[in-house]
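Engineer: Questions regarding the structure given below will be posed in turn.
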Amino acid sequence: MAHEKYSSVIQALHECMEACNHCYDECLNEENVKSMSECIRLDRECADICSFLEQSLSRNSPFIKETANLCIEACKKCADECKKHNHDHCQKCAESCRKCADECEKLVS
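Position 2 of the sequence shown, counting from 1, maps to 2 under full-length UniProt numbering, and the rest follow consecutively.
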């Protein structure tokens with residue numbers, strides 16, 4: 001089954017999606033929300049793309065490599081933005097995004 005073949009990347013994708021959603025929610029509660037706008041935007045994009053790739057892998061989509069490349073780009077951009085902020089949720093999100101990008105790179109290599 002496809003989900004067994006891709007189990008490590010599916011786990012990384014799911015963890016990244018959860019970390020991005022948590023970061024998104026916590027950023028909305030920060031004192032200066034406006035300064036977090038790009039972080040919030042990239043959290044949402046990254047979470048959605050990770051979720052889409054997770055679903056694509058579970059159904060063995062013919063577009064896995066293309067979707068994985070998009071996911072790598074989204075994860076890296078989200079990680080770079082989150083790293084700029086000292087909030088714990090941002091740092092954890094950046095770490096999860098980097099791990100996810102690394103796992104996705106294994107798919108396309």
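Backbone N, C-alpha and C fix where the C-beta goes; we use that ideal spot for every residue, glycine too.
Rank 60, 100 and 45 by C-alpha distance to the C-alpha of residue 5 and give the top, closest one.
Structural biologist: If we check each option's Cα against that of residue 5, 60 comes out closest.
Engineer: DSSP three-state call for residue 84: helix, strand or coil?
Structural biologist: Reduced to three states, the DSSP call for residue 84 is coil.
Engineer: Tell me whether residue 59 sits in a helix, a strand or coil according to DSSP, three-state version.
Structural biologist: In the structure shown, residue 59 sits in coil (DSSP, three-state: anything other than H, G, I, E or B).
Engineer: Give the range of the alpha helix (DSSP H) segment to which residue 6 is assigned.
Structural biologist: First-last for residue 6: undefined, no H or E at that position.
Engineer: CB-CB under 6 Å to residue 40, same chain, minus the five flanking residues each way: which ones, in chain order?
Structural biologist: So the list reads 24 and 27, once near-sequence residues are dropped.
Engineer: So is residue 54 buried or exposed if we call it buried at 16+ other beta carbons inside 10 Å?
Structural biologist: Result: buried.
Engineer: Taking only three categories from DSSP, how would you classify residue 109?
Structural biologist: Three-state DSSP puts residue 109 in coil, outside helix and strand.
Engineer: Expressed to the nearest angstrom, what Euclidean distance is found between the alpha-carbon atoms of residue 14 and residue 30?
Structural biologist: Computed Cα separation, rounded: 25 Å.
Engineer: So, with DSSP's three-state summary, where would you put residue 53?
Structural biologist: Three-state DSSP puts residue 53 in a helix.
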